[in-house]
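Participant:
Protein chains: 2
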Amino acid sequence: MNYKRLFIALMAVLTSSICQAQTNSPIKEDFQPSTFNQPGQAYPQVNSQGYARFKIKALKADSIRVSLGLGGRGGTKLTKDAEGYFTGTTEGPMDEGFHYYHLTVDGGVFNDPGTGNFYGSTRWESGIEIPAHDKDFYAMKDVPHGNVQQILFPSKSTNTPGRRAFVYTPPGYEKGNTRYPVLYLQHGWGEDETAWSVQGHANLIMDNLIADGKAKPFIIVMTYGLTNNVRPGAGGPRTPGGLTKMILENGFQTVLVDELIPYVDSHFRTYGDKAHRAMAGLSMGGMETHVITLAKPEVFDYYGLLSGGVYTPSELGKIKPKLVFMSCGSKENPAGVNSAAVELKSAGYNTVAYISEGTAHEFLTWRRSLKELAPLLFK
Amino acid sequence: MNYKRLFIALMAVLTSSICQAQTNSPIKEDFQPSTFNQPGQAYPQVNSQGYARFKIKALKADSIRVSLGLGGRGGTKLTKDAEGYFTGTTEGPMDEGFHYYHLTVDGGVFNDPGTGNFYGSTRWESGIEIPAHDKDFYAMKDVPHGNVQQILFPSKSTNTPGRRAFVYTPPGYEKGNTRYPVLYLQHGWGEDETAWSVQGHANLIMDNLIADGKAKPFIIVMTYGLTNNVRPGAGGPRTPGGLTKMILENGFQTVLVDELIPYVDSHFRTYGDKAHRAMAGLSMGGMETHVITLAKPEVFDYYGLLSGGVYTPSELGKIKPKLVFMSCGSKENPAGVNSAAVELKSAGYNTVAYISEGTAHEFLTWRRSLKELAPLLFK
């Protein structure tokens, strides 16, 4: 296993900023509230070109800055109007999809009171959605909907009587005695087990794929990828030592393989074997997938790395998973993913690479990656 | 049905402030982070006497005020130290249990970045937990845990292809073919369907009662008590017109009785009859329970009003529910609840009144009310 290579891949994605294309066309005044706004809140807004506009009431504040904006320029500075509202529009259009952000109000970090809260960067952040041209695949539609269940499973290794995971059960799960395959799907660094079903819309993506007959119904299990032994934010993946520590020493493999999987297999109608079990993850969750699938080849038969590095033929060796799926955004390191796929295919591994067009290290990349991965699983 | 009486009861609870006992003993320096803090955050803190302490970093701010504190005095003003942190401690101890709050930073309303977000007052608010002397009944213990499932049910009346509800299924639900009774449990004004299972700990309360053999296992369904027809915050229960509008005209009865109940009965293993169906709610949810149980006596057989008014013999008339449960905090209107219970009992209705000692119109009152109500249901 090549940790240096993994680390370099991680650095590449972490340093990819939210890119904005410069544009010469005038800003269209067709702004609408972001779909993630709190009930009744008019701001933040987005327009059809992808610009975001903010409006914050703080009558006596001197300065408010939004962390979203052109990379390296410190985001978007708001200006105060005569009524004491701070307003401002991003200098250019944002990438399509979901973006985390926060406000800096007179030197303090706060969330935008207009929008919801999403766990990212080891804190509850604000979030905004720039409507994507292909947003239909994660839209709430008039189709049968699966459930997302919060389970509390005992975890002796972390001394937790009820450790939280979310379990997507597909429409129809509640009827009959059918057994289902399971995908274990991990969030990224700084996020938690809520990410995939809230900002990721994993449940709606699956509901729509299943309704269209494009994916087999399966269960998805999402849990927190760190343990009590490593405090979130401590070290982090920004140093090779931190990366190794988090993935190998933090005990997540024990929680996942020895505690969560047996709980899921005894509390849900699963097959409970390798042939019906997949693991995938985004960013740090992809690196966890990488490490755990190689360490426990008897547990999973389908591997997915979403913006989370690549496999090499030498590290796979005699392990022959039914599928190796690798993806990233076109603004990340597509050449790395594509060349790794070529190498794996020529070595005889069933490999699929996917590049999300026009996106960086953000959730639209991963929503699309799940949409591409799901139809390939358990066939 | 006496709307004037309902309205007066509502006013009484809405105007009851968060009371704090004055104390002459010195503040104990045994402050600990609140249990609802974000991961790794040291503040806000609470001490063993119930004082709350706040610390916010905002180097260039002029003024920060916390909305929690002595009623009528505008909360707790923080003072800036030499390093740019704003700190402060409540003037007196807070009531035990959960409190919503927010910050006013230089005239703008923001949440405390140290703690989690809880939907109340029609916005995501900050929250703090003052440990209660009886907190054991809602603690996470090493007992079998039920699940809390997010369901998305079709609602034609509100033109929503997937309207959200949360469904608590008790431990063991996943095994066998047993059918279960159902409690429909409503949140209060300004809250939403997340309230009972997050700040209310309804799932942990049930897990513990069931493990102790004190309550029969049953399903709890929690959904949003307003509809698209009434914008949250519009009117509100602060005027009699607003109250009537919200409860009678907003269409929630249609969503609950004609859409949600049939969905639950067809997707979960319920009995599906009146004898195995209860409705209860807190504050506005109690008033919804009041109105809907009287309008649809064929649907529910157990009624619970938690800080949500009372029933009278004249309005019940020939309706003979198996149980009428009414509760409130001792700092609300206990005399009203107790005298209504006396009246109902002497008229032959099976009635139980419960007063939560030392609490006001807040969640510890309702957590305790659920603990008292649950063992009385479906026996």
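Chains W and Y, in that order, give the protein sequences.
Letter by letter, the first sequence follows residues 0 to 378 in numbering that gives the first Met the number 0.
Letter by letter, the second sequence follows residues 0 to 378 in numbering that gives the first Met the number 0.
Glycine is no exception: its CB is placed at the ideal position from the N, C-alpha and C atoms.
Owing to the predicted nature of the structure, the values given are computational and were not obtained by experimental measurement.
Taking all protein chains shown into account, decide if W/His132 is buried (16 or more other Cβ within 10 angstroms of its Cβ) or exposed.
Facilitator: On the first sequence, residue 132 of chain W is found 133 positions in, with the first residue counted as 1. Exposed, since its Cβ has fewer than 16 Cβ neighbours within 10 Å.
Participant: Taking buried to mean at least 16 other C-beta atoms within 10 Å of its own C-beta, is W/Arg178 buried or exposed?
Facilitator: For the purposes of this step, residue 178 of chain W is taken as residue 179 along the first sequence, with counting starting at 1. Exposed, because fewer than 16 other Cβ atoms sit within 10 Å of the Cβ of W/Arg178.
Participant: Round the Cβ separation of W/Gly284 and W/Gln185 to the nearest angstrom and send it over; I've been treating them as touching at under 8 Å.
Facilitator: For the purposes of this step, residue 284 of chain W is taken as residue 285 along the first sequence, with counting starting at 1. For the purposes of this step, residue 185 of chain W is taken as residue 186 along the first sequence, with counting starting at 1. Confirmed, Cβ separation roughly 3 Å.
Participant: Counting Cβ pairs closer than 8 Å, one from the region 44 to 52 of chain Y and one from the region 100 to 113 of chain W, do we hit at least three?
Facilitator: In short, these stretches do not touch, since the Cβ pair count stays below three.
Participant: Using a Cβ-Cβ cutoff of less than 8 Å, which residues in the same chain neighbour W/Glu342 once the five nearest sequence positions on both sides are dropped?
Facilitator: What you label residue 342 of chain W is simply residue 343 of the first sequence in a count that begins at 1. Thr311 and Pro312, listed in sequence order.
Participant: Name the two residues that bound the continuous beta strand (DSSP E) containing W/Tyr262.
Facilitator: Here residue 262 of chain W refers to the residue found at position 263 of the first sequence. W/Tyr262 -> not in any beta strand (DSSP E); alpha helix (DSSP H) instead, spanning Ile260 to His266.
Participant: Would you please state the rounded distance, in angstroms, between the beta carbons of Y/Leu304 and Y/Met325? I believe it to be under 8 Å.
Facilitator: Residue numbering aside, residue 304 of chain Y sits at position 305 when the second sequence is read from its first letter. Residue numbering aside, residue 325 of chain Y sits at position 326 when the second sequence is read from its first letter. Their Cβ separation, rounded to whole angstroms, is 5 Å, which keeps Y/Leu304 and Y/Met325 in contact under 8 Å.
Participant: Beta carbons nearer than 8 Å to chain W: which residues of the region 111 to 133 of chain Y have them?
Facilitator: Going along the region 111 to 133 of chain Y in chain order, one finds Pro112, Gly115, Asn116, Thr121, Arg122 and Trp123 with a Cβ nearer than 8 Å to chain W.
Participant: Would you say Y/Gly106 lies against chain W (beta-carbon separation less than 7 Å)?
Facilitator: Within the second sequence, the letter at position 107 stands for residue 106 of chain Y. Yes, because at least one Cβ of chain W sits closer than 7 Å to the Cβ of Y/Gly106.
Participant: Along the beta strand (DSSP E) that carries Y/Ala339, what are the first and last residues, could you check?
Facilitator: For the purposes of this step, residue 339 of chain Y is taken as residue 340 along the second sequence, with counting starting at 1. Careful: Y/Ala339 lies outside any beta strand (DSSP E), inside the alpha helix (DSSP H) at Pro333 to Ser345.
Participant: Could you name the residues that DSSP lists as bridge partners for Y/Ile150?
Facilitator: Translated into the one-based positions of the second sequence, residue 150 of chain Y becomes position 151. The partner list for Y/Ile150 (beta bridge, DSSP) reads Y/Ala164.
Participant: Quick check on Y/Asn116: does DSSP put it in helix, strand or coil?
Facilitator: Locating residue 116 of chain Y in the second sequence gives position 117, counting from the first residue. If DSSP states are grouped into helix, strand and coil, Y/Asn116 belongs with the strands.
Participant: Are W/Val217 and W/Leu182 closer than 7 Å when you measure CB to CB?
Facilitator: Walking along the first sequence from the start, residue 217 of chain W turns up at place 218. Walking along the first sequence from the start, residue 182 of chain W turns up at place 183. The identity of residue 217 of chain W in the sequence shown is Phe, whereas the question assumes Val. Yes, the pair counts as a contact, with Cβ atoms nearer than the cut-off.
Participant: Determine, using beta carbons only, whether Y/Gly199 and Y/Phe362 come nearer to each other than 7 Å.
Facilitator: Within the second sequence, the letter at position 200 stands for residue 199 of chain Y. Within the second sequence, the letter at position 363 stands for residue 362 of chain Y. Closer than 7 Å, so yes.
Participant: For the alpha helix (DSSP H) containing Y/Ala201, list its first residue and its last residue.
Facilitator: Locating residue 201 of chain Y in the second sequence gives position 202, counting from the first residue. Run containing Y/Ala201: Ala201 to Ala210, per the alpha helix (DSSP H) assignment.
Participant: Measuring straight from C-alpha to C-alpha, what distance separates W/Phe97 and W/Phe35?
Facilitator: Counting from 1 along the first sequence, the entry for residue 97 of chain W is found at position 98. Counting from 1 along the first sequence, the entry for residue 35 of chain W is found at position 36. Taking the straight line joining both Cα atoms gives about 9 Å.
Participant: Answer yes or no: do Y/Ile219 and Y/Gln252 have a C-beta to C-beta separation smaller than 7 Å?
Facilitator: Counting from one through the second sequence, the residue named residue 219 of chain Y turns up at place 220. Counting from one through the second sequence, the residue named residue 252 of chain Y turns up at place 253. No.
Participant: At least one CB of chain Y closer than 7 Å to the CB of W/Gln185: is that the case?
Facilitator: Taking the first residue of the first sequence as position 1, residue 185 of chain W is located at position 186. So no, W/Gln185 is outside the interface.
Participant: Figure out for me which residue from Y/Cys327, Y/Gly271, Y/Ser306 and Y/Ser282 has the closest Cα to the Cα of Y/Asp300.
Facilitator: As a first step, residue 300 of chain Y must be located in the second sequence, where it is residue number 301. Nearest option by C-alpha distance: Y/Gly271.
Participant: Compare the beta carbon distance of Y/Ala57 and W/Gly107 with 7 Å and say whether it is the shorter of the two.
Facilitator: Here the question's residue 57 of chain Y lines up with position 58 in the second sequence. Here the question's residue 107 of chain W lines up with position 108 in the first sequence. Cβ distance < 7 Å, so Y/Ala57 and W/Gly107 count as in contact.
Participant: Out of W/Gly357, W/Glu258, W/Phe267 and W/Glu371, point me to the one whose CA is closest to W/Tyr157's CA.
Facilitator: For the purposes of this step, residue 157 of chain W is identified with residue 158 of the first sequence, where counting begins at 1. At residue 157 of chain W the sequence reads Thr, which differs from the Tyr that was named. Looking at the Cα atoms, W/Glu258 is the closest of the given residues.
Participant: Please report the distance separating the alpha-carbon of Y/Lys406 from that of Y/Asp206.
Facilitator: For chain Y, the structure presents residues 0 to 378; residue 406 of chain Y sits outside this window and is missing.
Participant: Measuring CA to CA, which of Y/Trp365, Y/Ala359 and Y/Glu124 is closest to Y/Ile204?
Facilitator: Numbered from its first residue, the second sequence carries residue 204 of chain Y at position 205. The residue with the shortest Cα to Cα distance from Y/Ile204 is Y/Trp365.
Participant: Report all residues from its chain with a CB closer than 8 Å to the CB of Y/Gln37; omit the five preceding and five following residues, and keep chain order.
Facilitator: Translated into positions along the second sequence, residue 37 of chain Y becomes position 38. Pro112, Gly113, Thr114 and Gly115.
Participant: My assumption, with CB atoms under 8 Å, is that Y/Gly68 sits in contact with Y/Thr89. Please give the rounded CB distance.
Facilitator: For this step, residue 68 of chain Y is matched to residue 69 along the second sequence. For this step, residue 89 of chain Y is matched to residue 90 along the second sequence. With 8 Å as the limit, Y/Gly68 and Y/Thr89 qualify as a contact, their Cβ atoms being about 5 Å apart.
Participant: Would you call W/Lys213 buried or exposed, if buried means 16 or more other Cβ atoms sit within 10 Å of its Cβ?
Facilitator: Here residue 213 of chain W corresponds to residue number 214 of the first sequence, with the count starting at 1. So W/Lys213 ends up on the exposed side.
Participant: Go to Y/Thr88, then tell me how far its alpha helix (DSSP H) extends in each direction, as first and last residue.
Facilitator: As a working note, residue 88 of chain Y is residue 89 in the second sequence. Note, Y/Thr88: premise wrong, no alpha helix (DSSP H); beta strand (DSSP E) at Tyr84 to Thr88.
Participant: If we require 4 or more residues per run, which alpha helix (DSSP H) segments fall completely within the region 280 to 335 of chain W?
Facilitator: Taking only runs of at least 4 residues, the alpha helix (DSSP H) segments lying wholly in the region 280 to 335 of chain W are 283 to 294 and 312 to 315.
Participant: Using 8 Å for Cβ pairs, my map puts Y/Thr168 next to Y/Gly145. What's the rounded Cβ distance?
Facilitator: Counting from 1 along the second sequence, the entry for residue 168 of chain Y is found at position 169. Counting from 1 along the second sequence, the entry for residue 145 of chain Y is found at position 146. Contact flag correct, Cβ pair sits at about 5 Å.
Participant: Let me make sure I understand the geometry here. Which of Y/Ile63, Y/Glu82, Y/His275 and Y/Lys79 has the alpha-carbon closest to that of Y/Gly384?
Facilitator: Look at the range of chain Y in this structure, 0 to 378, and you will see that residue 384 of chain Y is not part of it.
Participant: Near W/Val45, what residues of its chain come up, given a Cβ to Cβ distance below 6 Å and the 5 sequence neighbours on each side ignored?
Facilitator: The sequence position of residue 45 of chain W within the first sequence is 46, counting from 1. Ser33, Ala51 and Ile129.
Participant: Beta strand (DSSP E) containing Y/Ser355: first to last residue?
Facilitator: Counting from one through the second sequence, the residue named residue 355 of chain Y turns up at place 356. From DSSP, the beta strand (DSSP E) with Y/Ser355 extends over Thr350 to Ser355.
Participant: Would you mind reading off the limits of the beta strand (DSSP E) that contains W/Trp123?
Facilitator: Within the first sequence, the letter at position 124 stands for residue 123 of chain W. W/Trp123 -> beta strand (DSSP E) spans Arg122 to Ile129.
Participant: Could you check whether the Cβ of W/Asn146 sits closer than 7 Å to any Cβ belonging to chain Y?
Facilitator: Along the first sequence, read from residue 1 onward, the residue named residue 146 of chain W stands at position 147. Chain Y, which has a Cβ nearer than 7 Å to the Cβ of W/Asn146, makes this yes.
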